[in-house]
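Counting in numbering that gives the first Met the number 0, the sequence shown tops out at residue 197, every number present.
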Amino acid sequence: MIEWKAPFFTFCAAFVVSSFLVAGGEEPPSMKQVLEKCAYAVTIETTCTRGAETSNNVSLRFGDTNSNDILVKNLNSKRVRWVDPLDPEVLDDLPRKPFQACMVDQFQVTGQCVESPVCYLYLRLAGNDDWRPGFARVRVLGESGSHLSSDFFYFRRYLPRHVWHGSDLCAREVTPFGLKYKRKVFVKKPGREAKVLP
Numbered sequence: 000m001i002e003w004k005a006p007f008f009t010f011c012a013a014f015v016v017s018s019f020l021v022a023g024g025e026e027p028p029s030m031k032q033v034l035e036k037c038a039y040a041v042t043i044e045t046t047c048t049r050g051a052e053t054s055n056n057v058s059l060r061f062g063d064t065n066s067n068d069i070l071v072k073n074l075n076s077k078r079v080r081w082v083d084p085l086d087p088e089v090l091d092d093l094p095r096k097p098f099q100a101c102m103v104d105q106f107q108v109t110g111q112c113v114e115s116p117v118c119y120l121y122l123r124l125a126g127n128d129d130w131r132p133g134f135a136r137v138r139v140l141g142e143s144g145s146h147l148s149s150d151f152f153y154f155r156r157y158l159p160r161h162v163w164h165g166s167d168l169c170a171r172e173v174t175p176f177g178l179k180y181k182r183k184v185f186v187k188k189p190g191r192e193a194k195v196l197p
């Protein structure tokens with residue numbers, strides 16, 4: 000019984016090595032995309048309206064036209080920095096509570112890399128109190144990421160609770176009846192959640 004295991008193992012190992020060499024020593028592209036991680040700086044403003052702040056959990060979802068979806072659950076637990084609203088200068092790097100009225104917070108997250116500019120962003124509020132964000136923006140960090148960063152996504156209203164709310168500027172088509180948008184359906188993909196930068 001042991002005699003056939005050794006040749007079978009040798010055959011399998013030779014097959015794997017030969018297929019790797021025939022492929023040019025590169026991993027399949029789909030595997031590369033899953034393994035690549037990019038860093039993002041997410042900037043979110045909370046408006047100055049009375050009662051605009053929240054202590055509830057906020058989740059974030061953004062991505063590009065190629066269905067590269069980055070999901071960040073419980074954004075409140077991520078690294079927060081206080082940013083000057085008129086200048087991208089960091090004013091305070093001390094740990095503090097995010098989403099306070101009249102504040103601009105910056106979060107650093109990692110996730111799969113986008114291949115085209117970030118064109119949709121959704122926020123989700125879970126809890127009982129209200130929150131009124133002003134704007135949100137995603138910057139792709141790194142040397143080649145500046146052209147992939149998003150424009151500003153404006154909210155300026157209280158978010159509904161327990162639903163994704165935001166803007167999708169990706170796939171639009173001009174028709175005689177106005178702009179037509181493709182419906183985006185989010186599917187849970189294994190291993191594609193964003194991670195926190197240290």
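For every residue, glycine included, the Cβ atom is placed at its ideal position computed from N, Cα and C.
The structure presented is a predicted model; accordingly, all values stated were derived computationally and were not measured.
Extent of the continuous beta strand (DSSP E) run through residue i
i: serine 54; result: From DSSP, serine 54 is part of no beta strand (DSSP E); its letter is neither H nor E.
i: alanine 100; result: Run containing alanine 100: none; DSSP gives neither H nor E here.
i: valine 41; result: 37-45
Nearest residue (CA-CA) to residue i, options the options
i: valine 162; options: Ser54, Thr46 and Leu59; result: Leu59
i: alanine 170; options: Gly141, Arg138, Arg160 and Ser115; result: Ser115
i: valine 57; options: Cys118, Val41, Asn65 and Glu35; result: Val41
Helix, strand or coil at residue i [DSSP, three-state]
i: leucine 70; result: strand
i: histidine 161; result: coil
i: serine 58; result: strand
i: leucine 147; result: helix
i: serine 76; result: helix
i: leucine 124; result: strand
i: arginine 138; result: strand
i: serine 17; result: Confidence is the limiting factor: at serine 17 the pLDDT is only 45, short of 50, which leaves the residue's position unreliable, though a coordinate-based value still follows. Of the three classes helix, strand and coil, the one that applies to serine 17 here is helix, per DSSP.
i: aspartate 129; result: coil
i: leucine 168; result: coil
i: glutamine 32; result: For glutamine 32, the predicted model reports a pLDDT of 45, less than 50, meaning its position is unreliable; a value from the coordinates is still stated below. If DSSP states are grouped into helix, strand and coil, glutamine 32 belongs with the helices.
i: glycine 50; result: coil
i: cysteine 11; result: At cysteine 11 the pLDDT is 46, less than 50, meaning the model places this residue with poor confidence; the figure from the coordinates comes in the next sentence. It is helical.
Whether residue i touches residue j by CB criterion (8 Å)
i: tyrosine 39; j: glycine 126; result: no
i: leucine 120; j: leucine 158; result: no
i: asparagine 55; j: aspartate 128; result: yes
i: alanine 135; j: isoleucine 43; result: yes
i: glycine 144; j: cysteine 37; result: yes
i: proline 132; j: phenylalanine 154; result: yes
i: valine 113; j: aspartate 167; result: no
Item to check | the segment 68-75 in contact with the segment 146-157 per 3-pair CB rule at 8 Å | outcome: no
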